[in-house]
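Structure first, commentary second.
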Amino acid sequence: MGVVRHVVCAMSGGVDSSVSALLLKRMGYHVTGVFMKNWDSQDERGVCSSERDCEDAYKVCKRLDMPFHQVSYVKEYWHEVFRVYEKGRTPNPYIISYKHIKFKHFYQYAVNTLGADAMATGHYARTSQEDEEVFQQKHVPPPRTLFRDRFEIRKPARLYQGADRLKDQTFFLSQISQDALRHTIFPLAGLTKDFVKKIAAEAGFQHVLKKKESMGICFIGERDFENFILEVCLMQGTNWCPVIFFLKPKPGNFVSIEDGKIMGQHKGWFTLTLGQRARIGGQVDPWFVVDKDITTGDVFVGPTTNHPALFRDTIQTDRFHWIAEDPPAELVRTQMMECLFRFNNRMPLTPCTVTLNLDGSVWVMLREPIRALTPGQFAVLYKGDECLGSGKIIRLGPTKFTLQKGQDCLSCPPKDTNQQHPEPFS
Numbered sequence: 001m002g003v004v005r006h007v008v009c010a011m012s013g014g015v016d017s018s019v020s021a022l023l024l025k026r027m028g029y030h031v032t033g034v035f036m037k038n039w040d041s042q043d044e045r046g047v048c049s050s051e052r053d054c055e056d057a058y059k060v061c062k063r064l065d066m067p068f069h070q071v072s073y074v075k076e077y078w079h080e081v082f083r084v085y086e087k088g089r090t091p092n093p094y095i096i097s098y099k100h101i102k103f104k105h106f107y108q109y110a111v112n113t114l115g116a117d118a119m120a121t122g123h124y125a126r127t128s129q130e131d132e133e134v135f136q137q138k139h140v141p142p143p144r145t146l147f148r149d150r151f152e153i154r155k156p157a158r159l160y161q162g163a164d165r166l167k168d169q170t171f172f173l174s175q176i177s178q179d180a181l182r183h184t185i186f187p188l189a190g191l192t193k194d195f196v197k198k199i200a201a202e203a204g205f206q207h208v209l210k211k212k213e214s215m216g217i218c219f220i221g222e223r224d225f226e227n228f229i230l231e232v233c234l235m236q237g238t239n240w241c242p243v244i245f246f247l248k249p250k251p252g253n254f255v256s257i258e259d260g261k262i263m264g265q266h267k268g269w270f271t272l273t274l275g276q277r278a279r280i281g282g283q284v285d286p287w288f289v290v291d292k293d294i295t296t297g298d299v300f301v302g303p304t305t306n307h308p309a310l311f312r313d314t315i316q317t318d319r320f321h322w323i324a325e326d327p328p329a330e331l332v333r334t335q336m337m338e339c340l341f342r343f344n345n346r347m348p349l350t351p352c353t354v355t356l357n358l359d360g361s362v363w364v365m366l367r368e369p370i371r372a373l374t375p376g377q378f379a380v381l382y383k384g385d386e387c388l389g390s391g392k393i394i395r396l397g398p399t400k401f402t403l404q405k406g407q408d409c410l411s412c413p414p415k416d417t418n419q420q421h422p423e424p425f426s
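Structure, rendered in structure tokens:
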């Protein structure tokens, strides 16, 4: 008989991870289920469902005759996920938590502590590797320079969209390391959500089928992320944790982007995201957040949901994370490449042109302006159905509103200022 491969499966207590574990067992692997505790339920005043999720995951493992473990990453979440709010950014917590927690700390725990040959998750995504190739991979340290030795022969694992495009989760996996991807199996790669539910029903996983699918952040439940942080600050006080001293609620003004008029006050800029409706007392018509000044605390608002101050067609990222580790050959050769862009997992893919800079950052020029592009969010690029990777947005191009104002100034007749400021050479 051949060697039985050991796979550690991340268990969330939901239907996707439960079916993933079942499929791995059917493939003949020795499977260990691990539940990650990412938030302290005692601080949630009974709101967090972590304990119930853990119990549900344990029931599945018991039914499948699998070893079960629980590991806590509460401290790591505070220091590696929440800290990105320090600079006033509005990040995507999923992308950051997957990069630092699931595909770093959890991956290392699976391989180094539990001795796994590979790890598996219930994400709707697929890779360029067959399962057997995963077990043949060796650990390779990431490159220390922007570009690798051009004579080095490599065959990197690539990340592709799953069969169920409506549930595709490659957007959230866009910061995954090459080493973690090479050692990861996605059992649901070729399945649709409906078929996964059918498998769960046939397996008798009724307790996970009845659960409402989570649409919130994986460690805080259904509540809004920014309001969650504000709630924690108010509840615990800024001395509770040194990581959140910068999140002390600081009221500021809502300021009209059009005429600079103060429209009202807000409780703190970090509770507001670009494009959302601003709750301004005394205003009959809705106003929407179009910009923030974290130095003064001012939040700029516009009178319509599609105000031109919300639309831009150019962004710059920090050093881009290429999943294959190297930029695409086309981009290296010509410094420009046509591809597809999104900064929100629910938005359709948008055609764009990417320019590679010497420091590894990229400029993204969109074919059409997009609403509410936000610093701190991730620009995720695709070529066909391959997810190339992502970079954090650090700079925005001018808004349509700014460009329109510039055009208006150019079309205005010049003022006669000759008497006050005569031409020097007249």
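So the sequence shown is residues 1 to 426, counted in my numbering. Don't be surprised by glycine CBs; every beta carbon is placed ideally from N, CA and C. Quick caveat, the model's predicted, so the values are computed rather than measured.
Query                                                                                                                                                        : Result
Comparing alpha-carbon positions, which option in Ser20, Leu24 and Thr399 lies nearest Thr208?                                                               : In the sequence on display, residue 208 carries Val and not Thr. The shortest C-alpha separation from Val208 is found at Ser20.
Rounded to a whole number of angstroms, what is the C-alpha to C-alpha distance between Ser17 and Phe205?                                                    : 11 Å
Under a three-way DSSP split, which group does Gln447 fall into?                                                                                             : In the structure displayed, the chain extends from 1 to 426; residue 447 sits before or after that span and is not available.
How many Å lie between Ser50 and Thr121 at the Cα?                                                                                                           : 18 Å
Between Ile370, Ala57, Ile257 and Gly268, which has its C-alpha nearest Phe300's C-alpha?                                                                    : Ile257
Report the residue from Thr273, Ser97, Leu64 and Pro156 whose alpha carbon sits nearest the alpha carbon of Trp78.                                           : Ser97
Using DSSP's beta-bridge definition, name the partner residues of Met119.                                                                                    : Val8 and Thr184
What's the C-alpha gap between Gly13 and Ala372?                                                                                                             : 34 Å
For Met119 and Lys104, I'd like the C-alpha separation in whole angstroms.                                                                                   : 11 Å
What residue range does the beta strand (DSSP E) around Asp431 cover?                                                                                        : Outside the displayed span of the chain (1 to 426) sits residue 431, for which this structure offers no information.
What first and last residue would you give for the beta strand (DSSP E) that runs through Asp293?                                                            : Trp287 to Asp293
Check the C-beta distance from Cys409 over to Tyr382 and give it rounded, since I have them as a contact under 8 Å.                                          : Contact doesn't hold; Cβ gap of about 38 Å is too wide.
Can you tell me which residues form a DSSP beta bridge with Leu356?                                                                                          : Val362
Should Gly33 and Arg126 be called a contact, given that it needs their Cβ atoms to be closer than 8 Å?                                                       : no
Are the CB atoms of Arg182 and Val111 within a distance shorter than 8 Å?                                                                                    : no
At the level of alpha carbons, what is the spacing between Gly397 and Ile370?                                                                                : 11 Å
Tell me, please, whether the region 342 to 351 touches the region 295 to 310 by the rule of three or more beta-carbon pairs shorter than 8 Å.                : no
When you compare the CB positions of Pro327 and Leu358, do they come within less than 8 Å of one another, or not?                                            : no
Whole-angstrom Cβ separation of Tyr94 and Ser128, contact assumed at under 8 Å?                                                                              : Not a contact, Cβ separation roughly 23 Å.
For Arg52, does the three-state DSSP call read helix, strand or coil?                                                                                        : helix
Whole angstroms are fine: how far does the CA of Ile262 sit from the CA of Gln276?                                                                           : 18 Å
If Phe288 sits next to His307, beta carbons under 8 Å apart, how far is it from one beta carbon to the other, in whole angstroms?                            : 6 Å
Alpha carbons only, please: which of Val290, Gln265, Trp269 and Glu330 is nearest the one belonging to Gly281?                                               : Gln265
Please name the residue in Asp131, Met337, Ala157 and Cys387 whose C-alpha comes closest to that of Ile185.                                                  : Asp131
Closer than 7 Å by C-beta to Gln137: which residues in its own chain qualify, once you throw out the five before and the five after it? Chain order, please. : Arg182 and His183
With 8 Å set as the bound, which would you pick, yes or no: does the beta-carbon of Cys387 sit closer than that to a beta-carbon of chain D?                 : Protein chain content of the structure displayed is limited to a single chain, and chain D is not contained in it.
Hey, out of Pro303, Gln404, Val7 and Phe171, whose CA is closest to Gly391's CA?                                                                             : Phe171
Are the CB atoms of Thr374 and Phe311 nearer to each other than 8 Å?                                                                                         : no
Cutting at 7 Å between CB atoms, please list the residues of its own chain near Pro156, excluding the five before and the five after it.                     : Gln178, Ala324 and Glu325
Going by DSSP in three states, Tyr98 sits in which element: helix, strand or coil?                                                                           : helix
Grab the span of the beta strand (DSSP E) containing Gln265 for me, first residue to last.                                                                   : Ile262 to His266
Can you check whether the CB of Met365 is closer than 8 Å to the CB of Asp285?                                                                               : no
For Arg395, which option in Thr317, Gln335 and Val74 has the closest C-alpha, if you only look at C-alpha atoms?                                             : Thr317
Tell me whether Ala201 is buried or exposed, calling it buried when 16 or more other Cβ atoms sit within 10 Å of its Cβ.                                     : exposed
Could you tell me which of Glu330, His123 and Arg5 sits nearest to Gly28, measuring between CA atoms?                                                        : Arg5
For Trp322, which option in Cys387, Phe343 and Met337 has the closest C-alpha, if you only look at C-alpha atoms?                                            : Cys387
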